[in-house]
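Protein sequences, first through last, are from chains A and B. Numbered per the numbering used here, the first sequence spans residues 1 to 207. Numbered per the numbering used here, the second sequence spans residues 1001 to 1579. Working notes, structure below.
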Amino acid sequence: MLTREGIVRLLDDAGVDVVAEAEDAEGLLRHVRLARPDAAIVDIRMPPTHTDEGLVAAQAIRTQHPNVGVLVLSQYVEASYALRLLEEHPEKVGYLLKDRVFDVALLLDALRRIADGETVIDPTIVSQLVGRRRREDPLAELTEREREVLSLVGEGFSNKGIAHRLFITERTVEAHVKQIFLKLGLAADPESHRRVLAVLAYLRASA
Amino acid sequence: MTFGRYCRIAIVPLAAAAGLFSVTTAKHDPIWAFGGGSTLGGIAELGAGWSLVGAGLLFWSRHPQNRFGPLFAVAGFAWFLPEWSNPGVGTALGFTLGLVGLVACTPLFAHAALAYPTGRLRSRVDVAVVASSYAGALILLGLLPTTVFDPKGAGCFQCPQNLALTRGDLELFEAFNRYGLWIGIGWLLALCVLLAWRLVRAAQAAVVVAVALVPAIVYVALVTWEFQRSLARGILGNDSFDQGVWRLEALALGAFALAVVGGLVRDRQARASLARLVVELGEMPRPGAVRDALALTLGDPRLELAYRRPDTGRYVDGLGHLVDIRPDRGQAVTPLLRGDVTVAALVHDAHLSDEPGLLQEVLAAARIAVENEQLQAEVRAQLEDLRASRARIVETGDAERRRLERDLHDGAQQLLVALFYDLRVAQARVEADADSELMTLLLSAGEKAQTALGDLRELAHGIYPAILAEAGLAAALETLADEAPLPVELGNVTLERYSEPVEAAAYRTVVEGIHDAAEREATFVSVDVGREEGRVIVTLRDDGAARTSPLVHLADRIGALGGSLEVGETTLRAVVPCA
């Protein structure tokens, strides 16, 4: 409750139009159906069991309302949940740690990216996956810059977004991404929305 | 040597003599004979009489306190008596006995059959019917007509003297016989009904007894038929029809005697199995063996043996599992005592209580075996208690960890988030006032709050991984591999869900295994989790230095679930039963 009130206040202050608030999954789905917002912010823990109701609701929104983006907030650094969210609908979704949202700039950026059809994955999760200890680490093949680019791809940034962040040209990013996919033997199209899921699944699978 | 034994030894030549005497008498005067007139009849006569006496003696020697044995042997003698009413018997005493005991065999035999195998009649109805059959056979058809029967007056001049004769009265003699036959049909039918009822009752509990009762009923029914047919004639006779029925009767008696001997042989085998059990004690008979041996010995398949735990006073079976002592209809409970203390309770067929001494005798033989198994059952029950208590301790611990994790998330973490938010607001205001020193302080405070949040999250996850309960072992182990300080290779990991304690135990095994491998400077750990015959098997392998820690806490946790932990130098294998 504390978090919801805070987020509403933050978004109001930032000029974002908050059309509705809901107590539980049922209320959330009803408001989404009526208000058709650009995006919904969903806590992964909701009544009645406080386990993964938020994740189930997020998937329901994405299935029933393809135009509505969903940002899931969680207190867990759990790649499993993020992957579960991405598996069925690899775009217009986000998975952020709860404490992230009080960084207004970050929250607004995430909402904007989701509304634009991108994916947002919390950097903590991506860095944990990238940092996972491997016996024969294929990531060792990558240069420092390539690893940076890989992490940003995993966080869901577009080539344009990556270029903007790293202060390099979009074409350079494109070249890096192609190189990374080649080195790691990733089969997915490096330009598609599905590349986020492909990268995360790859990072998780190669032990 | 006991009196009973002298009797039994004396009876053997007596029975042999009585049989041979009967057959020679019959052969001497076939016109008056029942069965001895022909070779086949002679064999039937001797076979039936001797088998009754033989089976009776055998039973008597096995069960000296039981009335059935002597009763059955006497019935065997009585079987020969009708033959002595033959004029060729030669002696007045024999002749008189033959007249009085003409139908003595029937009530004696029926009495024995009704009392088989306990030697006692079960109810007042039994007693009344048996008593009237004795009266009807020995007095109305035996003694009374004999007292008025003058053989010479009836035209038998070569007949010996009738010692019981008071005054010859042929009319009265015929009247006694006629009424005797009419009343006889009454008590014979009553005997038939009682025997049939006994057969129905015994069929549920003791099949052996039921089998023996069939020829008994056949015999009484044959006698009834003979009586019914003699009504027209007014007197029991020995025409060719009578002789035919009489041979069938001999056959039925022989069959009953055979069943009695069969029951004794089976008893002996059952007792031998009980004795074997006592001998086998040194080799630890399997749990429940005592019950099975007792059930066999006592011929009661529904028998139950429950041991009383001295500590709780509750009853357990041979395996140590709690049982209720609840006798069904027709069952009784006999407590087994050591001194004044009940050590066990036997739930058995109520009929077994009818034979005093049988239960006591069998239980005395099984005493050592019973006490031995009682001790083992007690130990097993205590072990089971202990295991359940260990499992409860582990479960309580897990529940507590889970509660702690939720408290951290819902309490401290929420507060930190709120603090973080307030700091952000403060930063925004300070930014407006352009106080750079305060701004630096607030930024540092914000960073610390965020670090604290991260630490708290890790702490909560370490206390209890929420993902384990929510998404299962496979997902939780993936996260474990994400965070591990060394490469963790997840091989085959079952995607099935198990009970919370089982999943927690498997998860802890991997956590401890990874931690231990890291301490022994391994460069990787491989993990497999599979299911095999109702058990979850967790296998860890690494390349670190040889393990020195026995991982006692982990072994305790696994042991609490009835599982086992095999700790090798660089391997770890936990086997946890999963229902």
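Every residue gets a Cβ at the ideal spot worked out from N, C-alpha and C, and that includes glycine.
Contact note: Y1421 (chain B) reaches chain A through G6 and F102, using a C-beta cutoff of 7 angstroms and chain order. Residues of chain B with a Cβ closer than 7 angstroms to the Cβ of E78 (chain A) are, in chain order, I1467 and T1479.
Inter-residue distance for G156 (chain A) and L1453 (chain B) is about 24 angstroms (C-alpha atoms, whole angstroms). Residue contact check for T1548 (chain B) against chain A: no CB pair falls below 9 angstroms. Taking the CA atoms as reference points, C1159 (chain B) sits about 12 angstroms from L1093 (chain B). Uninterrupted alpha helix (DSSP H) stretches at least 4 residues long and entirely within the stretch 1280–1324 of chain B occur at 1289–1298, given in chain order. For the stretch 1410–1440 of chain B, the residues whose beta carbon sits under 7 angstroms from a beta carbon of chain A are, in order, Q1413, Q1414, V1417, A1418, F1420, Y1421 and R1424. Under the Cβ criterion of 9 angstroms, Q59 (chain A) is not counted among the residues facing chain B. At a cut-off of 9 angstroms between beta-carbon atoms, D52 (chain A) makes contact with chain B. Of all residues in the stretch 191–206 of chain A, those with a C-beta nearer than 7 angstroms to a C-beta of chain B are R204, reading in chain order.
A Cβ of chain A is located within less than 9 angstroms of the beta carbon of P1485 (chain B). When Cβ-Cβ separations below 9 angstroms define contact, R147 (chain A) makes no contact with chain B. Using a CB distance cut-off of 9 angstroms, D24 (chain A) does not count as an interface residue toward chain B. The DSSP-derived three-state label of D1242 (chain B) is helix.
D99 (chain A) belongs to the set of residues whose beta carbon lies under 9 angstroms from a beta carbon in chain B. DSSP places Y1006 (chain B) in the uninterrupted alpha helix (DSSP H) bounded by F1003 to H1028.
With fewer than 16 neighbouring CB atoms inside 10 Å of its own CB, P1550 (chain B) falls in the exposed class.
Taking a beta-carbon distance threshold of 9 angstroms, R1401 (chain B) does not count as an interface residue toward chain A. Exposure of C1156 (chain B) is indicated by the presence of fewer than 16 other C-beta atoms within 10 angstroms of its C-beta. Excluding five sequence positions before and after L1383 (chain B), the CB atoms of its chain that fall closer than 8 angstroms to its own CB belong to G1320, given in chain order. Identification of residues in the stretch 1520–1541 of chain B having a C-beta nearer than 8 angstroms to some C-beta of chain A yields T1523 and F1524, given in sequence order.
Burial state of L1170 (chain B) is exposed, judged by a 10 Å Cβ sphere holding fewer than 16 other Cβ atoms. Between the beta-carbon of L139 (chain A) and that of R133 (chain A) there is about 11 angstroms, and that puts the pair past the 8 angstroms contact cut. In the three-state scheme derived from DSSP, where H, G and I count as helix and E and B as strand, H1348 (chain B) is classed as strand. Interface with chain A (9 angstroms Cβ-Cβ cutoff): R1406 (chain B) is included.
Beta-bridge partners assigned by DSSP to G1562 (chain B): none are found. For A1506 (chain B), the uninterrupted alpha helix (DSSP H) run begins and ends at E1500 to E1519, by DSSP.
Within the model, the alpha-carbon separation for R1178 (chain B) versus G1234 (chain B) is close to 5 angstroms. Contact between W1060 (chain B) and G1069 (chain B) holds, with the beta-carbon distance rounding to 3 angstroms and staying under 8 angstroms.
Annotation for V1511 (chain B): L1480 place their beta carbon closer than 7 angstroms to its own, counting only its chain and skipping 5 residues before and after.
Around the beta-carbon of K178 (chain A), fewer than 16 other beta-carbon atoms lie within 10 Å, marking it exposed. Neighbours of R1457 (chain B) in chain A, taken as residues whose beta carbon is under 7 angstroms from its own, are Q75 and V77 in chain order. Below the 7 angstroms Cβ cutoff, chain A contributes T51 and D52 as neighbours of E1470 (chain B), in chain order. Of the candidates B:G1318, B:L1298 and B:V1103, the residue whose Cα lies closest to the Cα of Y1307 (chain B) is B:G1318. At a beta-carbon threshold of 7 angstroms, the residues of chain B lying near L129 (chain A) are D1482, ordered along the chain. Ranked by how close their Cα comes to the Cα of G1019 (chain B), the residues B:A1033, B:G1049 and B:L1040 have B:G1049 in first place.
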